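To keep things clear, I will list the structure first and then write my remarks on it.
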Amino acid sequence: MFVRYTGILKTCSSLKQIIRRAPLVPLSHCDAHRCVMYSSRLLHTSSPRYVNPLFVALLRPLSKVAAILVGRGFRKWWQSLPQKKKKLLLQHLFRNKYKYIIGSIVVNSASYSYYETHMVPAPLTGRRRFMVFTPDQLFTISQHTYSEEVSQYGHLLMPENHPMVYQVKRVGNRLLQANNNIPQLYTKSWTVTLIDHPTVNCYVLPSGDIVMFRGMMDLLENDDQVAAVVAHEMSHAILEHASEQLSHGYLLDVIILLPLAVIWAFIPSDGLALVTQWFLNQVMKIFLQLPYARNLEEEADSVGLKLAAKACFDVREASAFWGKMSVLDKLKERKGERSEDPAWLSTHPSNVERQDNINAQMEEALSIRNFCLCPKLSDRDPRHTIAMLQEQLMNVVPTNKSASK
Ligand SMILES: [Zn+2]
Numbered sequence: 001m002f003v004r005y006t007g008i009l010k011t012c013s014s015l016k017q018i019i020r021r022a023p024l025v026p027l028s029h030c031d032a033h034r035c036v037m038y039s040s041r042l043l044h045t046s047s048p049r050y051v052n053p054l055f056v057a058l059l060r061p062l063s064k065v066a067a068i069l070v071g072r073g074f075r076k077w078w079q080s081l082p083q084k085k086k087k088l089l090l091q092h093l094f095r096n097k098y099k100y101i102i103g104s105i106v107v108n109s110a111s112y113s114y115y116e117t118h119m120v121p122a123p124l125t126g127r128r129r130f131m132v133f134t135p136d137q138l139f140t141i142s143q144h145t146y147s148e149e150v151s152q153y154g155h156l157l158m159p160e161n162h163p164m165v166y167q168v169k170r171v172g173n174r175l176l177q178a179n180n181n182i183p184q185l186y187t188k189s190w191t192v193t194l195i196d197h198p199t200v201n202c203y204v205l206p207s208g209d210i211v212m213f214r215g216m217m218d219l220l221e222n223d224d225q226v227a228a229v230v231a232h233e234m235s236h237a238i239l240e241h242a243s244e245q246l247s248h249g250y251l252l253d254v255i256i257l258l259p260l261a262v263i264w265a266f267i268p269s270d271g272l273a274l275v276t277q278w279f280l281n282q283v284m285k286i287f288l289q290l291p292y293a294r295n296l297e298e299e300a301d302s303v304g305l306k307l308a309a310k311a312c313f314d315v316r317e318a319s320a321f322w323g324k325m326s327v328l329d330k331l332k333e334r335k336g337e338r339s340e341d342p343a344w345l346s347t348h349p350s351n352v353e354r355q356d357n358i359n360a361q362m363e364e365a366l367s368i369r370n371f372c373l374c375p376k377l378s379d380r381d382p383r384h385t386i387a388m389l390q391e392q393l394m395n396v397v398p399t400n401k402s403a404s405k
C-alpha cells in the first residue's frame with residue numbers, strides 16, 4: 001500500500017548492500033585535484049547523436065546574427081528592386097507555390113524527426129525531454145565553472161574541519177547511502193564546497209560538485225533541513241537538468257531563427273525591428289524559458305523529497321524550511337525591502353509555492369519513510385510552528401496598504 005512512488009526510488013538500500021555494490025566515495029571538501037579526476041561512464045550514449053556544447057555556445061549567437069542579417073539584407077534588397085521586377089518575382093512565387101510548400105513540409109518533417117529522436121526519458125521520473133547534450137559533455141564545462149567559482153571565493157573556502165562542512169558531509173553521505181540503488185547517483189563523484197559568504201545560495205554542477213554558501217547554511221536549522229537542500233541539489237544532477245536546460249535553450253534558439261529573420265525582413269525600419277525583437281525575446285522568456293526552469297525546480301524538489309525520505313530524514317522539515325523562507329519574504333516586504341521577484345518573472349517557484357508543492361507530496365514522502373522502516377517521527381510537527389508564524393504574520397503585522405491608509 002505504500003508503493004505509490006515509481007521506478008528505482010522504491011527500493012530501500014541497506015548499508016550492507018551499499019558496501020557490496022558500490023563503495024561510497026566520501027563527500028570531501030573539494031580541491032582542484034579531486035574535482036578533475038572523475039568521469040562518469042554510465043551516462044555515455046551512442047544514439048541519438050549529441051551536439052558539442054562548446055560548438056553550440058559559439059553557434060547560438062552567430063546563428064541569431066545571421067538570421068538578422070539575412071532578414072535585413074532581404075528587406076534592403078527588396079526595397080531596392082523596381083516595381084516591375086517585384087511583380088515578376090511575386091508571379092514566380094505564385095506559380096511555384098506547391099514546390100515551396102512541399103519543400104517546407106520536407107524541412108519541417110526533418111526538424112520534427114530530429115526533435116523526436118532526441119526525446120529521452122528523464123531518470124527516475126520518466127518525463128520525456130529534448131536532449132542534445134549529455135552530462136559528460138558538460139563535465140569539462142562544469143569543472144571550468146567550478147574552478148572559476150573556487151578561485152573567485154578561494155580565500156573564503158571553509159576548512160574541512162569546520163562544523164558546517166562536517167554537517168553537510170554527514171547529511172550528504174546519509175543521502176548517498178540510502179539512495180545507493182540509483183545509478184546516476186552512485187556513479188558520480190560527489191563533493192561539497194562551503195563558501196564563507198552571506199549569499200543565500202546553493203547549487204550543483206553536472207559533475208556532482210555541490211557549492212553551498214554560509215548565508216544558506218545560516219537559514220538551515222537542523223540536519224533535516226540541510227538534507228532538503230542537499231537532496232534538491234543532488235536531484236538536479238541526477239536528473240541532468242543542466243544538460244536539459246542547455247538543450248531547451250538550443251531548441252528555443254532554433255525556433256526563434258525564422259521569426260527573427262521575418263521581423264528584420266518585413267518590418268520597415270531597423271529601430272522598429274529592434275523593438276519587435278526585444279518584445280519577442282521577452283515573450284519567449286516569460287512564456288517558455290522561465291516556466292520551464294520553474295518546472296525543473298519543482299521536479300528537483302519532488303525527487304529531493306523522496307531521496308530525503310529514503311534516508312529517513314524528517315521530510316516535514318522541507319516544508320517548514322520553505323515556509324520559513326516565505327515568512328522572511330513577507331517580513332522583508334512589510335519593511336519595504338525588496339524580496340523575491342514575482343513568480344512569473346523568476347527561474348524558481350515562489351517560496352510559498354514550493355512549500356505548497358512539498359505539502360501536496362508529503363503523504364507520499366511519509367509513506368516512503370514507512371516503507372523503508374525509518375524510525376517514527378517526533379510528535380512535534382515543524383510545519384505547525386511555521387503555520388502558526390504565518391498566521392500571526394497575517395493577523396498582526398500590518399500590510400503596506402493598510403499602513404498607508
Ligand atoms: Zn534548484
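Residue 109 in full-length UniProt numbering is what sits at position 109 of the sequence shown, and the numbering runs on without skipping anything.
By construction, the Cβ of each residue, glycine as well, lies at the ideal position given by its N, Cα and C atoms.
As the structure is a computational prediction, the values presented were derived from the model and not from experiment.
Residue environment for residue 379: exposed (fewer than 16 other C-beta atoms within 10 angstroms of its C-beta).
In the three-state scheme derived from DSSP, where H, G and I count as helix and E and B as strand, residue 373 is classed as coil. Distance from the C-beta of residue 297 to the nearest heavy atom of ligand 1 is below 6 Å.
Here the region 117 to 137 makes contact with the region 231 to 241; the two share three or more CB pairs at distances below 8 Å. Secondary structure of residue 164 (DSSP, three-state): helix. Here residue 300 really is in contact with residue 236; their C-beta atoms are around 5 Å apart, less than 8 Å. Between the alpha carbons of residue 308 and residue 354 lies a distance of about 16 Å. The beta-carbon separation of residue 212 and residue 192, rounded to 7 Å, stays under the 8 Å limit for a contact.
Distance between residue 67 and residue 73, taken at the CA atoms: about 10 Å. Under the three-state reduction of DSSP output, residue 153 falls in the coil class, being neither helix nor strand.
Proximity of the beta carbon of residue 343 to ligand 1 is not indicated: no heavy atom of the ligand is located closer than 6 Å. Pairing residue 267 with residue 221, the inter-Cα distance amounts to about 57 Å. Proximity of the beta carbon of residue 308 to ligand 1 is not indicated: no heavy atom of the ligand is located closer than 6 Å. Every unbroken stretch of the beta strand (DSSP E) spanning 3 or more residues and falling wholly within the region 205 to 280 is given here in chain order: 209 to 213.
Distance from residue 228 to residue 317 at the Cβ level is roughly 6 Å; contact confirmed, criterion being Cβ atoms closer than 8 Å. For residue 231, the CB stays at least 6 Å from every heavy atom of ligand 1. The alpha-carbon separation between residue 181 and residue 64 amounts to approximately 44 Å. Per the DSSP secondary-structure output, residue 125 pairs with nothing in a beta bridge. The alpha carbon of residue 383 has as its nearest neighbour, out of 356, 373, 79 and 367, the alpha carbon of 356.
Within the DSSP bridge table, the entry for residue 114 names no partner. Nearest C-alpha to residue 197 among 109, 156, 281 and 162: 156.
Distances between the C-beta of residue 110 and the heavy atoms of ligand 1 are all 6 Å or more. Shortest gap from the CB of residue 300 to any heavy atom of ligand 1: under 6 Å.
Boundaries of the alpha helix (DSSP H) harbouring residue 303: 290 to 310, taken from the DSSP string. Per the coordinates, the alpha-carbon of residue 376 lies some 21 Å from the alpha-carbon of residue 172.
Here the region 137 to 146 makes contact with the region 241 to 255; the two share three or more CB pairs at distances below 8 Å.
The C-alpha of residue 184 is placed about 44 Å away from the C-alpha of residue 102. Taking 8 Å as the upper bound for CB-CB distance, residue 389 and residue 315 are not in contact here, some 19 Å apart.
Distances from the CA of residue 134 to each of 62, 76, 175 and 247 were compared; the closest alpha carbon is that of 247. Boundaries of the beta strand (DSSP E) harbouring residue 194: 191 to 195, taken from the DSSP string. If you draw a straight line from the Cα of residue 276 to the Cα of residue 175, it comes to about 49 Å. Under the three-state reduction of DSSP, residue 284 is assigned to helix.
Judged by DSSP secondary structure, residue 83 falls within the alpha helix (DSSP H) whose first and last residues are 83 to 95. Counting C-beta pairs closer than 8 Å gives three or more between the region 320 to 333 and the region 344 to 352, which meets the contact rule. In this chain, the alpha helix (DSSP H) harbouring residue 360 covers 351 to 360. For residue 183, the enclosing alpha helix (DSSP H) stretches over residues 183 to 186.
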